[in-house]
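What follows is a single structure, written as structure tokens, with notes after it.
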Amino acid sequence: MRCTRCGERNAEYERPYAGDAVCGRCLVELVRDRVFREIRRWRWFRPGQRIVVALSGGKDSSLALRLVTEYVEPLPEVEVIALTVDEGISGFRDACLRAAERVADELDVEHEVVSFEEEYGFALEEVVEDVDVSACTLCGVLRRRLLNRRARELGADVVVTGHNLDDEAQAALMNFVKADLAQLARLHPEVRPEDDLIVPRVKPLRGVPEREVRWVAEELGLPFHADPCPYARFSVRSFFREILDEMEERLPDVKFGLVRALDRAGPVLAEAFLEEGLGRCERCGEPAAGKLCKACELLERLG
Numbered sequence: 001m002r003c004t005r006c007g008e009r010n011a012e013y014e015r016p017y018a019g020d021a022v023c024g025r026c027l028v029e030l031v032r033d034r035v036f037r038e039i040r041r042w043r044w045f046r047p048g049q050r051i052v053v054a055l056s057g058g059k060d061s062s063l064a065l066r067l068v069t070e071y072v073e074p075l076p077e078v079e080v081i082a083l084t085v086d087e088g089i090s091g092f093r094d095a096c097l098r099a100a101e102r103v104a105d106e107l108d109v110e111h112e113v114v115s116f117e118e119e120y121g122f123a124l125e126e127v128v129e130d131v132d133v134s135a136c137t138l139c140g141v142l143r144r145r146l147l148n149r150r151a152r153e154l155g156a157d158v159v160v161t162g163h164n165l166d167d168e169a170q171a172a173l174m175n176f177v178k179a180d181l182a183q184l185a186r187l188h189p190e191v192r193p194e195d196d197l198i199v200p201r202v203k204p205l206r207g208v209p210e211r212e213v214r215w216v217a218e219e220l221g222l223p224f225h226a227d228p229c230p231y232a233r234f235s236v237r238s239f240f241r242e243i244l245d246e247m248e249e250r251l252p253d254v255k256f257g258l259v260r261a262l263d264r265a266g267p268v269l270a271e272a273f274l275e276e277g278l279g280r281c282e283r284c285g286e287p288a289a290g291k292l293c294k295a296c297e298l299l300e301r302l303g
């Protein structure tokens, strides 16, 4: 079967949501075009910016770094810095760090590593059993605070994350089911952070299915660590992943539909459920809705 796009090469990848099958080269071009359109649509990058890319060493962040550096290359005075957070997960994070170092080196991007050990005084695996929340919740809250703080110290105008279409659809469904409409609103690309100390985050891969991210990363020969985090299978998100994957078998564009709905409803939800400004955490001075930020609440429970 020939590629339905170029008609020259053999088709290698089926896209049920589009009703076609394309070769590897055309898939790379399609994904690149989709990412670049997403960037232009939301006007994320402009001359003179300092862009921090959250680089985990996985396929998503590695591809995000590659495509962002391509997009901003013609823009004057744009600086890209890759920032990796080492949470402290033996075996897994070591392999991710090696992949992150390789991709940053190949793309000639400045790379910095920060760690839970340096920031909080412990590795994630040392404390994950000491608090009554999931490993993913503990890790996510502490990682986001560390990433935001270091990006702010670096003078970042924006932080790029590697969230793909599957991630966005899962987050939209999870927050809808939990009736967390404020968090649902925060997923919208145009909703700005509620505090000046929070560096805006953008997700250039939010319209790219996870399978395509992996295929394109491999097609481009990008270094990345393929194994999932050992704690991921215990997360609530994995349950919603299974639900959406099953729905996708009957409704190939269901994930696209969820993100389109989010794009339409986000501004309305933000006006109704988000408040202007946040207070300051009494312990660390970071933005907080109450006396303590979420990170300090967890750290207090850890003792």
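First residue of the sequence shown? That's 1 in UniProt numbering, and the numbers climb one at a time after it. Using N, Cα and C, we set each Cβ at its ideal position, and we do this for glycine too.
Buried or exposed: residue 3, going by 16 or more other Cβ atoms within 10 Å of its Cβ?
By one-based count along the sequence shown, residue 3 stands at place 3. The residue is buried, with at least 16 neighbouring Cβ atoms inside 10 Å.
Taking all protein chains shown into account, do 16 or more other C-beta atoms lie within 10 angstroms of the C-beta of residue 164, making it buried, or fewer, making it exposed?
As a working mapping, residue 164 is identified with position 164 in the sequence shown. Residue 164 should be labelled buried.
Taking a contact to mean a Cβ-Cβ separation below 8 Å, would you say residue 47 touches residue 76 in this structure?
Sequence index remark: in the sequence shown, residue 47 carries index 47 (1-based). Sequence index remark: in the sequence shown, residue 76 carries index 76 (1-based). A contact, by the Cβ cut-off of 8 Å.
Using only the alpha-carbon positions, how far apart do residue 151 and residue 138 sit?
Looking up residue 151 in the sequence shown gives position 151. Looking up residue 138 in the sequence shown gives position 138. Roughly 20 Å between the two C-alpha positions.
According to DSSP, what are the bridge partners of residue 13?
What you label residue 13 is simply residue 13 of the sequence shown in a count that begins at 1. Beta-bridge pairing links residue 13 to 22.
In this structure, does DSSP put residue 112 in helix, strand or coil?
In the sequence shown, counting from the first residue as 1, residue 112 sits at position 112. In the three-state reduction of the DSSP assignment, residue 112 falls in the strand class, which pools E and B.
From the DSSP output, in three-state form, read off residue 86 for me.
Residue 86 sits at position 86 when you count from the first residue of the sequence shown. Correct three-state label for residue 86: strand.
Burial state of residue 162, where buried means 16 or more other Cβ atoms lie within 10 Å
Numbered from its first residue, the sequence shown carries residue 162 at position 162. With a 10 Å radius around the Cβ and a threshold of 16 neighbouring Cβ atoms, residue 162 comes out buried.
Is residue 81 helix, strand or coil when you go by DSSP?
In the sequence shown, the residue the question calls residue 81 occupies position 81. In the three-state reduction of the DSSP assignment, residue 81 falls in the strand class, which pools E and B.
When the distance is taken between beta carbons, is residue 88 closer than 8 Å to residue 224?
Numbered from 1 along the sequence shown, position 224 holds the residue referred to as residue 224. Numbered from 1 along the sequence shown, position 88 holds the residue referred to as residue 88. No, the Cβ-Cβ distance between residue 224 and residue 88 is not below 8 Å.
Around the Cβ of residue 45, are there at least 16 other Cβ atoms within 10 angstroms (buried) or fewer (exposed)?
Translated into positions along the sequence shown, residue 45 becomes position 45. Residue 45 counts as buried, since no fewer than 16 other beta carbons sit within 10 angstroms of its beta carbon.
Within a Cβ cutoff of 7 Å, which residues of the same chain sit near residue 31, ignoring the five residues on either side of it in sequence?
For the purposes of this step, residue 31 is taken as the residue at position 31 of the sequence shown. Around residue 31: 208, 212, 216.
Pair within 8 Å by beta-carbon distance, residue 202 and residue 254:
Within the sequence shown, the letter at position 202 stands for residue 202. Within the sequence shown, the letter at position 254 stands for residue 254. In this structure, residue 254 does not lie closer than 8 Å to residue 202 by Cβ.
Express the C-alpha separation of residue 276 and residue 182 in angstroms, rounding to a whole number.
Against the sequence shown, residue 182 aligns to sequence position 182. Against the sequence shown, residue 276 aligns to sequence position 276. The alpha-carbon separation between residue 182 and residue 276 amounts to approximately 12 Å.
Which stretch, first to last residue, makes up the alpha helix (DSSP H) that contains residue 54?
For the purposes of this step, residue 54 is taken as residue 54 along the sequence shown, with counting starting at 1. For residue 54, there is no enclosing alpha helix (DSSP H); the residue is part of the beta strand (DSSP E) that begins and ends at 50 to 54.
Run the CB neighbour count on residue 206, radius 10 Å, all protein chains shown included, and call it buried at 16 or more, exposed below.
Residue numbering aside, residue 206 sits at position 206 when the sequence shown is read from its first letter. Burial state of residue 206 is buried, judged by a 10 Å Cβ sphere holding 16 or more other Cβ atoms.
Starting from residue 213, follow the alpha helix (DSSP H) in both directions and report where the run begins and ends.
Residue numbering aside, residue 213 sits at position 213 when the sequence shown is read from its first letter. Residue 213 -> alpha helix (DSSP H) spans 210 to 219.
Quick one, which of 136, 227, 145, 200 has its alpha-carbon nearest residue 235's?
As a position in the sequence shown, residue 235 is number 235, starting the count at 1. Of the candidates 136, 227, 145, 200, 136 places its Cα closest to the Cα of residue 235.
Which value, in whole angstroms, describes the spacing of the CA atoms of residue 81 and residue 226?
Position 81 of the sequence shown, counting from 1, holds the residue named residue 81. Position 226 of the sequence shown, counting from 1, holds the residue named residue 226. So the alpha carbons of these two residues sit roughly 23 Å apart.
For my contact list, residue 84 and residue 55 are in at a C-beta cut-off of 8 Å; report their separation, rounded to the angstrom.
Looking up residue 84 in the sequence shown gives position 84. Looking up residue 55 in the sequence shown gives position 55. Yes, they are in contact, since the Cβ atoms of residue 84 and residue 55 sit about 5 Å apart, within 8 Å.
Status (buried if at least 16 other CB within 10 Å, exposed otherwise) for residue 177
Along the sequence shown, one-based indexing puts residue 177 at 177. In this structure residue 177 is exposed. Its beta-carbon is surrounded by fewer than 16 other beta-carbon atoms within 10 angstroms.
Span of the alpha helix (DSSP H) around residue 268
As a working mapping, residue 268 is identified with position 268 in the sequence shown. Segment 254 to 273, the alpha helix (DSSP H) holding residue 268.
Can you pull the DSSP bridge partners for residue 68?
As a first step, residue 68 is located in the sequence shown; it is residue number 68 there, counting from the start. According to DSSP, residue 68 bridges with nothing at all.
Can you give me the C-alpha to C-alpha distance between residue 229 and residue 91, rounded to a whole angstrom?
Taking the sequence shown and counting its residues from 1, one reaches residue 229 at position 229. Taking the sequence shown and counting its residues from 1, one reaches residue 91 at position 91. Approximately 10 Å between the Cα atoms of the pair.
Whether residue 28 touches residue 222 by CB criterion (8 Å)
Stepping through the sequence shown from its first residue, residue 28 is reached at position 28. Stepping through the sequence shown from its first residue, residue 222 is reached at position 222. Taking 8 Å as the cut-off, the Cβ atoms of residue 28 and residue 222 do not count as close.
For residue 145, tell me which candidate among 291, 284, 300 has the shortest Cα-Cα distance.
Locating residue 145 in the sequence shown gives position 145, where the first residue counts as 1. Minimum Cα distance to residue 145 is reached at 284.
So the candidates are 231, 66, 100, 156; which of them puts its Cα closest to the Cα of residue 133?
In the sequence shown, the residue the question calls residue 133 occupies position 133. Ranked by how close their Cα comes to the Cα of residue 133, the residues 231, 66, 100, 156 have 231 in first place.
Quick one: residues in its chain with C-beta nearer than 6 Å to the C-beta of residue 35, no 5 flanking neighbours on either side, listed in chain order?
Working through the sequence shown from its first residue, we reach residue 35 at position 35. Closer than 6 Å at the Cβ level, and outside the excluded window around residue 35, lie 67, 204.
With distances taken from CA atoms, which of 131, 24, 241, 71 is nearest residue 39?
Along the sequence shown, read from residue 1 onward, the residue named residue 39 stands at position 39. Checking every option, the nearest Cα to that of residue 39 belongs to 71.
Helix or strand or just coil, what does DSSP make of residue 100?
Walking along the sequence shown from the start, residue 100 turns up at place 100. In the structure shown, residue 100 falls within a helical segment according to DSSP collapsed to helix, strand and coil.
Measure the beta-carbon distance from residue 185 to residue 274 and round it to whole angstroms, keeping in mind my assumption that it falls under 8 Å.
Here residue 185 is taken as the residue at index 185 of the sequence shown, counted from 1. Here residue 274 is taken as the residue at index 274 of the sequence shown, counted from 1. Confirmed, Cβ separation roughly 6 Å.
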